[in-house]
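Right, one structure below, let's go through it.
Protein chains in written order, with this note's numbering: chain P, 1 to 89; chain U, 90 to 307.
Okay, structure coming up:
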């Protein structure tokens, strides 16, 4: 291989591979820096969790009361229907 | 109990209205801060579950050995409430843990045994719903088994190493935390009594309907 062909090949390689080098992700973190407190933006807020917990208890009680009311209505309706059926006989 | 139902309901309502004010004025816990205030609903909901389990266990034993229908009505009503109050504890606990421990759930002795205890009472209700004729006795045995298991769940935090706070937390509470906690606990126990009265009333009406159907067939 002549020197000229070698120079062309190397130049082509450098020119073609430069976009690949340019698009590479930045180097990873080389070291960790300790701090005393978590930045405020990273802290998990307590209030939504607390409100959810209290709301859940109330919703659970309300839903349960509704199911009792619904079941009681069904039983009473059935009793009335049965009483009517018996009185017709 | 029936005569006291209306005033008891009013008292429970007023107690739950006042509870948030007492809880808001309670001091923050030094390491957990605001999220620790879930404690004032979380632990009382387990008290409600334990009260329901005790009623279910005693009523199941009476039904199993003396075949009293009234005991069965109390047992099934209390089992339903054990599932309701247990669900409150199982939901509020992870919400607290997510902030305090950094995880929603940990398969440690307390959390796992509490889940299993809750599942025992879910199985009680499933047996009652889908067990067919005679399922009352099988369910009663399940209720007694659940009640016998509950002390182990309560003491699990002292017996095994877990991330859950120990039982010594409650007796050592200082007055500013102890008063709202006692208030909430009493409110939850009275709520349990009110819901139990309502649910037993429903069970009585269902029993009366069954008797009417049987009388009509005869």
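Glycine included, C-beta positions come from ideal geometry on N, C-alpha and C.
Any C-beta of chain P under 8 Å from that of residue i
i	result
residue 217 of chain U	no
residue 117 of chain U	no
residue 249 of chain U	no
residue 135 of chain U	no
residue 266 of chain U	no
residue 279 of chain U	no
residue 301 of chain U	yes
residue 130 of chain U	yes
residue 305 of chain U	yes
residue 126 of chain U	yes
residue 201 of chain U	no
residue 180 of chain U	yes
residue 177 of chain U	yes
residue 295 of chain U	yes
residue 187 of chain U	yes
residue 204 of chain U	no
residue 214 of chain U	no
Buried or exposed (CB count within 10 angstroms, at least 16 for buried), residue i
i	result
residue 69 of chain P	exposed
residue 57 of chain P	buried
residue 222 of chain U	exposed
residue 126 of chain U	buried
residue 287 of chain U	buried
residue 138 of chain U	buried
residue 15 of chain P	exposed
residue 266 of chain U	buried
residue 63 of chain P	exposed
residue 213 of chain U	buried
residue 231 of chain U	buried
residue 269 of chain U	buried
residue 166 of chain U	buried
residue 219 of chain U	exposed
residue 164 of chain U	buried
Pair within 8 Å by beta-carbon distance, residue i and residue j
i	j	result
residue 176 of chain U	residue 281 of chain U	no
residue 160 of chain U	residue 148 of chain U	yes
residue 124 of chain U	residue 27 of chain P	no
residue 174 of chain U	residue 209 of chain U	no
residue 206 of chain U	residue 239 of chain U	yes
residue 256 of chain U	residue 198 of chain U	no
residue 278 of chain U	residue 168 of chain U	no
residue 203 of chain U	residue 178 of chain U	yes
residue 201 of chain U	residue 134 of chain U	no
residue 272 of chain U	residue 113 of chain U	no
residue 72 of chain P	residue 294 of chain U	yes
residue 296 of chain U	residue 236 of chain U	no
residue 211 of chain U	residue 172 of chain U	yes
residue 188 of chain U	residue 44 of chain P	yes
residue 305 of chain U	residue 86 of chain P	yes
Beta carbon proximity, residue i to chain U, threshold 8 Å
i	result
residue 68 of chain P	yes
residue 55 of chain P	no
residue 71 of chain P	yes
residue 62 of chain P	no
residue 44 of chain P	yes
residue 20 of chain P	no
residue 99 of chain P	Lying before the first or after the last residue shown, residue 99 of chain P is absent from chain P, which here runs from 1 to 89.
residue 47 of chain P	yes
Presumed contact (8 Å Cβ cut-off) between residue i and residue j, rounded CB distance
i	j	result
residue 193 of chain U	residue 183 of chain U	4 Å
residue 303 of chain U	residue 75 of chain P	That belief does not hold up - the Cβ atoms of residue 303 of chain U and residue 75 of chain P are roughly 15 Å apart, past 8 Å.
residue 105 of chain U	residue 276 of chain U	6 Å
residue 162 of chain U	residue 292 of chain U	4 Å
residue 274 of chain U	residue 136 of chain U	5 Å
**Meets three-Cβ-pair contact criterion under 8 Å: the region 220 to 232 of chain U and the region 140 to 158 of chain U** = yes
**Request:** Pair every Cβ in the region 42 to 60 of chain P with every Cβ in the region 96 to 103 of chain U, then say whether three or more of these pairs are closer than 8 Å.
**Result:** no
**Item:** the region 66 to 83 of chain P contacting the region 243 to 252 of chain U, beta-carbon criterion three pairs below 8 Å
**Value:** no
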